[in-house]
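Residue numbers (our numbering): 1 to 107.
In what follows, a single structure is set out as structure tokens and then discussed.
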Amino acid sequence: MDERKKNTLYIPQGLKTRVEIFDGYGKEELFKTIIVTLIAGVINIVSYAIFKNVVFAVVFMLIVIAGSVMMLTKDKTNISVVDQVGFIIKFARSQKKYPYKYQDEWK
């Protein structure tokens, strides 16, 4: 009994290797959110110049900021929505047919 306890391996889970603002959202995600917000801000300024709609401009910016935070926040498995979409695109582009040449191995 003592020998089994002595040889057990403890693997900690849920360790964070980076500083996070809140669970799953760190400095890298904040930087990406700022970039998305700046791009959306330019689009918003152009759309406001054309349509002169203040309500749309405000709601658009709120949706962009909230949406980018939600999509970039990582879950317990350290994968965000953006990461998952990237995995799906990578899989869709990968080779799925493996042509081979039949050879009689008993010859």
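Don't be surprised by glycine CBs; every beta carbon is placed ideally from N, CA and C.
Taking a contact to require three or more Cβ pairs closer than 8 Å, the stretch 69-84 and the stretch 21-31 qualify as touching.
The shortest CA-to-CA distance from VAL36 to any of GLY67, ILE88, ILE45 and ASP83 is the one to GLY67. In this structure, ASN44 lies near ALA57, with their beta-carbon atoms less than 7 Å apart. Under the three-state reduction of DSSP, ILE21 is assigned to strand.
Linking ARG93 to ASP83 through their CA atoms gives a straight-line distance of about 15 Å. In this structure, VAL64 sits near ALA40, with a CB-CB distance shorter than 7 Å.
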